[in-house]
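Novice: Everything in the first sequence is counted per our numbering, starting at 8 for the first residue and increasing by one.
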Amino acid sequence: MYWADELAASLAGPQVVNDSKSPSGTVHVGSLRGVVLHDAIHRALIGVGLPSTFLYGVDDMDAMDSQAKLTPDAVDKYMGAPLSRVPAPEGSTAANYARHFVGEIFFRTFEPLGIKPEFYWVSELYAAGRMDHYVKLALDRADKVREVYSRVSHVERSSEWLPLQVICENCGKIGTTYATDWDGSTVAYACKPDLVWWARGCGHEGRVSPLGGQAKLPWNLEWAAKWGLLGVTVEGCGKDLATAGGSRDRSDAISREVFEVEPPRNVAYEFLNVGGKKMSTSKGQGVAAHSIAEVLPPEQLRFLFLRPRPNQVIDFDPEGDTIPRLFDEFDRIAAATAGREVKGELPADYERLFGYSLLGPDPDVSAAATAFRPAFGHLALLLQIPGTDIDARMVAEKGAPLTELEAAVLAERVSAARAWLDSYAPERARLVIRRDAVPTEVAALGADQRAYLAALAEAAAVEAPGSGDAWQTLIFRVAAEAELASGRAFGALYAAFLGRSNGPRAGWLLASLEPAFVVERLRAAAGIAAA
RNA sequence: GGGCCGGUAGCUCAACGGUAGAGCAGGGGCCUCUUAAGCCCAAGGUUGAGGGUUCGAGCCCCUCCCGGCUCACCA
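1. Is it right to say phenylalanine 266 is buried, meaning 16 or more other beta carbons lie within 10 angstroms of its own, or is it exposed?
2. Can you name the residues that DSSP bridges to cysteine 198?
3. Please report the distance separating the alpha-carbon of lysine 290 from that of asparagine 280.
4. Could you check which residue in Phe379, Tyr431 and Tyr185 has the C-alpha nearest to that of cysteine 209?
5. By the 10 Å Cβ neighbour count, where 16 or more other Cβ atoms means buried, how is proline 368 classified, buried or exposed?
6. Decide if the stretch 235 to 254 is in contact with the stretch 21 to 29; the criterion is three or more beta carbon pairs, one per stretch, under 8 Å apart.
7. Could you pull the DSSP bridge partners for tyrosine 127 from this structure?
8. Check whether the stretch 330 to 349 and the stretch 69 to 84 touch, using three or more Cβ-Cβ pairs below 8 Å as the test.
9. Which residues bound the beta strand (DSSP E) around lysine 28?
10. How is proline 446 classed by DSSP in three states: helix, strand or coil?
11. For alanine 537, count the other beta carbons within 10 Å of its own beta carbon; 16 or more makes it buried, fewer makes it exposed. Which is it?
12. In terms of residue numbering, what span does the beta strand (DSSP E) encompassing glycine 179 cover?
13. State the CB to CB distance for the pair leucine 491 and aspartate 455, rounded to an integer number of angstroms; the pair is presumed to be in contact (CB under 8 Å).
14. Should proline 393 go down as buried or exposed, given a rule of 16 or more other Cβ atoms within 10 Å for buried?
15. Give me the Cβ distance between cysteine 198 and lysine 180, rounded to the nearest whole Å; I'm assuming they're in contact under 8 Å.
16. Which runs of the beta strand (DSSP E) at least 3 residues long sit entirely within the stretch 471 to 515? Give them in chain order.
17. Going along the chain, which residues of its own chain have a beta-carbon closer than 6 Å to the beta-carbon of alanine 533, five neighbours each way excluded?
18. If valine 43 and arginine 359 are in contact, beta carbons under 8 Å, what's the gap, nearest whole angstrom?
19. Would you kindly report the start and end of the unbroken alpha helix (DSSP H) that includes arginine 153?
20. With a cut-off of 8 Å on the beta carbons, I'd call asparagine 95 and histidine 107 a contact; round off their distance for me.
21. Given that a residue counts as buried once 16 or more other Cβ atoms are within 10 Å of its Cβ, and exposed if not, what is alanine 415?
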């Protein structure tokens, strides 16, 4: 059974699926995996008849800890401040940095992927007092929290430490404060210059009520508090958090032992590597989500994440043949779903995989499966031949007019193929007319092929073929006259114009070029042969 | 050191415990042409090693070897 269906089948009653993200930094492709997985789980739950709500929390009380998006003079002021209180980047109309960021991820990635969770802002939960119950519980049971940290993760906290991060009343930072002495209504805190390396506290000390949004719970407790408050029943997380003794174990234990709430079902998912290496935004290894979206339409992007089981690493190398292969595999699964015979083994429940790859909430699977989908690699090559009428060509290949859906798929693929050719396509996928000079590959041609090129040049000079058809006919006729196997004739032509041993239908290729250039090149290639 | 994933054809990978299979590369073949950007054929394997469970193991269990990522400070 497909993994998401299996999960859904093991649950009962109304479900709340939750995912969240700290709204800073760039969204790289890998961070999309979680969202897509949660969306599939949500759809699987609805599929088995369980009422399901899909929430997406924006952790905008988190401290700004990445200066990449800040102007130099803002770094000192805002590093360490809650993201909800950091101004939006210049040029943005958003109310603050977090809002701006969510606008970016939502409009540029979630929505095109057909994913529509209910967004909520953690800063609002605090401000409205909805987290107060958990904040008090955490402070009242601080010794228990310390014990969990120690037992589960071997993290030792001093006996005065409190699980709380206060927003400094003087400088507004939250990442720099250290809280102590909970008296039931207020805590003492100090904004320390050297608490963390990435932000500098102002040195202010004071007492403040931890309720109503003046303080937040540390990460692990906040996570558990959200589960309790929102009634979360399913929430997966990346393997960095799911490791033994890691964040998830800590939050699970806090949920049970401090808040006395059973934590949600976990789905630990692996990362997405690029070319066998981890993606690192700081090293420039990260592939931004929006740039991948240019070469991978939404359905293929979903497919990329939904094809492997969650705990399998995805190795995604946009430079290789990953992208054309992804399209081909998608098309193969589509064909199989449509009931056509396909080569190779199929994954278990491939129809389910195909359905979840389509944009939700309730796609027409059979229409999508039977739709005509031009092969990506084929399109990419056709696009490189000047003067090709792609739409007409596709109608001819399908043998019937395209449906609205098929026309949309074609348009999507044409733009993806163009982007791929511009950015990631390997040399061998690129078709380049070698206008500057005769390709060196011509040197490898035989005397018979050179003679053929010379004969073709003379025939073309006389007859001036004006169409692909005319050229194609001439190519075959001259080959026949020279008693040259057509394979060798075509090979010579591809070498002379493309520097490759194969290529597109030669007649149409030559017809797309200026006649004078073609004749000149044929003669030149034949001449080099003679010399 | 702990956790997760992987090791299958030359390469990239697939195969809900039931005859190991694709794509690419390599070998052979196929046009007076209607995608030669294609099609057909053949070849290619002790599934990292060793034990175990089973009528049956690439798959499950145990012990190793190799590689990748990740955690142990913060979120």
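Cβ coordinates follow ideal geometry from the N, Cα and C atoms, glycine included.
Specialist: With the structure as the only source:
1. Buried: at least 16 other Cβ atoms inside 10 Å.
2. Answer is Thr184, bridged to cysteine 198.
3. Bear in mind that a pLDDT of 48 at lysine 290, under 50, signals an unreliable position, so the number given afterwards is only what the model happens to contain. Computed Cα separation, rounded: 13 Å.
4. Cα-wise, what sits closest to cysteine 209 is Tyr185.
5. When all chains shown are included, proline 368 counts as exposed.
6. Contact between the stretch 235 to 254 and the stretch 21 to 29 is present, because at least three Cβ pairs lie under 8 Å.
7. According to DSSP, which records beta bridges pairwise, tyrosine 127 is partnered with Gly64.
8. No, the stretch 330 to 349 is not in contact with the stretch 69 to 84.
9. Per DSSP, lysine 28 belongs to the beta strand (DSSP E) from 22 to 28.
10. Coil at proline 446, not helix or strand.
11. Note that alanine 537 has pLDDT 46, beneath the 50 cutoff, so the model's placement of it is unreliable and the number below is only indicative. When all chains shown are included, alanine 537 counts as exposed.
12. Neither: glycine 179 is in no beta strand (DSSP E) and is coded neither H nor E.
13. That pair is a contact at about 6 Å.
14. Exposed, since its Cβ has fewer than 16 Cβ neighbours within 10 Å.
15. Their Cβ separation, rounded to whole angstroms, is 7 Å, which keeps cysteine 198 and lysine 180 in contact under 8 Å.
16. You should have found no qualifying run.
17. Answer for alanine 533: Arg457, Leu460 and Ala461, listed in chain order.
18. The pair is not a contact, with the Cβ atoms about 15 Å apart (cut-off 8 Å).
19. Secondary structure note for arginine 153: its alpha helix (DSSP H) is the uninterrupted segment 149 to 160.
20. Per the sequence presented here, residue 95 reads as alanine, with asparagine not at that position. About 4 Å; that satisfies the 8 Å criterion.
21. Exposed, since its Cβ has fewer than 16 Cβ neighbours within 10 Å.
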